[in-house]
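Below is one structure, written out as structure tokens; comments come after it.
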């Protein structure tokens, strides 16, 4: 059954207006800055917040219709809700936490087995690791036999080492559950790894939605480009030779792009499109920036380097081969096809 919702509601500084449909078995991630209205969407679906106007339905069952005067309480909405920081009860053991709100006592034991926490049934929450706490919270959310699953920042409480493994587990779980799922996160990488579709929420509205690959390939504006990981450079664009666009950057230098553009623009370049070398390489890239390395940050099995105004992401092996070090002068190169030109 598909989940459908539309609502309008005032936030602290803006008015939220959201329309969203989530297909049966689909996971939609809502990403955006703090205060954008992402969690408000979850609260409206769950019945924890009644909007000024709106409608929420799962299949042919209406949960909220402000015009018709329908507003089912949370306990009648069949929603599994994983709260940010998990909101587990510290005075209860794992078994009691999962049993809280369960529709069927027999299901609880099955969930403990499914999430590999049966051996922790009598443990208190304070005795668990971050990954174990998340499994308990997910088991509790599913113990209600939900028709919809809502996840509020499901990975934010985990350290970087635990996060990668739990993210893979969660992706497999969502696929197996095949429930309409709405996930809220501020981390685009988490959204891209977990969701079938991603919506960027800004000032209470979904600015753009699509697959993660769609958002990267065709960002609607500079904010979407930046939020999805691009380096943003401002400049002035004008038509150049061979169908290219010449962008004279405010910070100095010229970049060539295959995207059309004229006047004040933003140029977006993603780190994985930028290669590093000691000297000008013989590849087909037409854009080169020679500058010292400002920072080097390990990211998993890759290294993220800031070179002048750009950020490049290379494998750890490449970084070692090149002998990258802060202060060393290198050449950052990228193709004209690797740029996005967006109007300001």
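Numbering (my numbering), first residue to last: 23 to 366. Backbone N, C-alpha and C fix where the C-beta goes; we use that ideal spot for every residue, glycine too. Quantities reported herein were computed from a predicted structural model and do not represent experimental measurements.
State the Cα-Cα distance for the pair residue i and residue j, rounded to the nearest angstrom.
i: residue 265; j: residue 271; result: 19 Å
i: residue 289; j: residue 178; result: 30 Å
i: residue 209; j: residue 247; result: 14 Å
i: residue 84; j: residue 78; result: 6 Å
i: residue 351; j: residue 171; result: 50 Å
i: residue 33; j: residue 60; result: 11 Å
i: residue 153; j: residue 132; result: 19 Å
i: residue 168; j: residue 158; result: 16 Å
i: residue 344; j: residue 300; result: 7 Å
i: residue 261; j: residue 310; result: 19 Å
i: residue 316; j: residue 330; result: 7 Å
i: residue 295; j: residue 106; result: 34 Å
i: residue 120; j: residue 43; result: 29 Å
i: residue 259; j: residue 269; result: 4 Å
i: residue 200; j: residue 192; result: 12 Å
i: residue 195; j: residue 108; result: 17 Å
i: residue 275; j: residue 87; result: 56 Å
i: residue 297; j: residue 37; result: 43 Å
i: residue 89; j: residue 75; result: 8 Å
i: residue 101; j: residue 346; result: 50 Å
i: residue 235; j: residue 229; result: 16 Å
Give me the residue from the options with the minimum Cα distance to residue i.
i: residue 342; options: 278, 325, 334; result: 325
i: residue 18; options: 259, 238, 258; result: Residue 18 is absent from the structure shown; the chain starts at 23 and stops at 366.
i: residue 53; options: 88, 76, 72, 251; result: 251
i: residue 358; options: 136, 329, 279, 256; result: 279
i: residue 333; options: 340, 318, 185; result: 318
i: residue 51; options: 206, 81, 286, 281; result: 206
i: residue 99; options: 360, 124, 69; result: 69
i: residue 31; options: 182, 67, 55, 190; result: 67
i: residue 64; options: 173, 136, 80, 91; result: 173
i: residue 242; options: 256, 221, 257; result: 221
Assuming residue i is part of the alpha helix (DSSP H), what are its boundary residues?
i: residue 249; result: 244–249
i: residue 309; result: From DSSP, residue 309 is part of no alpha helix (DSSP H) but of the beta strand (DSSP E) over 309–321.
i: residue 343; result: 338–344
i: residue 43; result: Premise fails: residue 43 lies in the beta strand (DSSP E), 37–44, not in any alpha helix (DSSP H).
i: residue 213; result: 210–216
i: residue 196; result: 182–199
Would you kindly report the start and end of the unbroken beta strand (DSSP E) that includes residue i?
i: residue 299; result: 297–299
i: residue 158; result: Note, residue 158: premise wrong, no beta strand (DSSP E); alpha helix (DSSP H) at 152–164.
i: residue 29; result: 25–32
i: residue 228; result: 227–232
i: residue 354; result: 351–356
i: residue 53; result: 49–53
i: residue 173; result: 170–174
i: residue 324; result: 324–329
i: residue 365; result: 361–365
i: residue 219; result: 219–224
i: residue 205; result: 203–207
Which whole-angstrom value is the C-beta distance of residue i and residue j, which I expect to be below 8 Å?
i: residue 39; j: residue 219; result: So it is not a contact: roughly 19 Å between Cβ atoms.
i: residue 112; j: residue 155; result: At roughly 11 Å, the Cβ-Cβ gap does not stay under 8 Å, so residue 112 and residue 155 are not in contact.
i: residue 116; j: residue 142; result: 5 Å
#### Entry: Every unbroken beta strand (DSSP E) within the region 249–289, with a cutoff of 3 residues, ordered by chain
253–261, 267–271, 276–279
### Message
Could you tell me which whole beta strand (DSSP E) segments of length 3 or greater appear in the region 67–115?
### Response
With a minimum length of 3 residues, the continuous beta strand (DSSP E) runs that stay inside the region 67–115 are 75–80, 83–87, 101–104.
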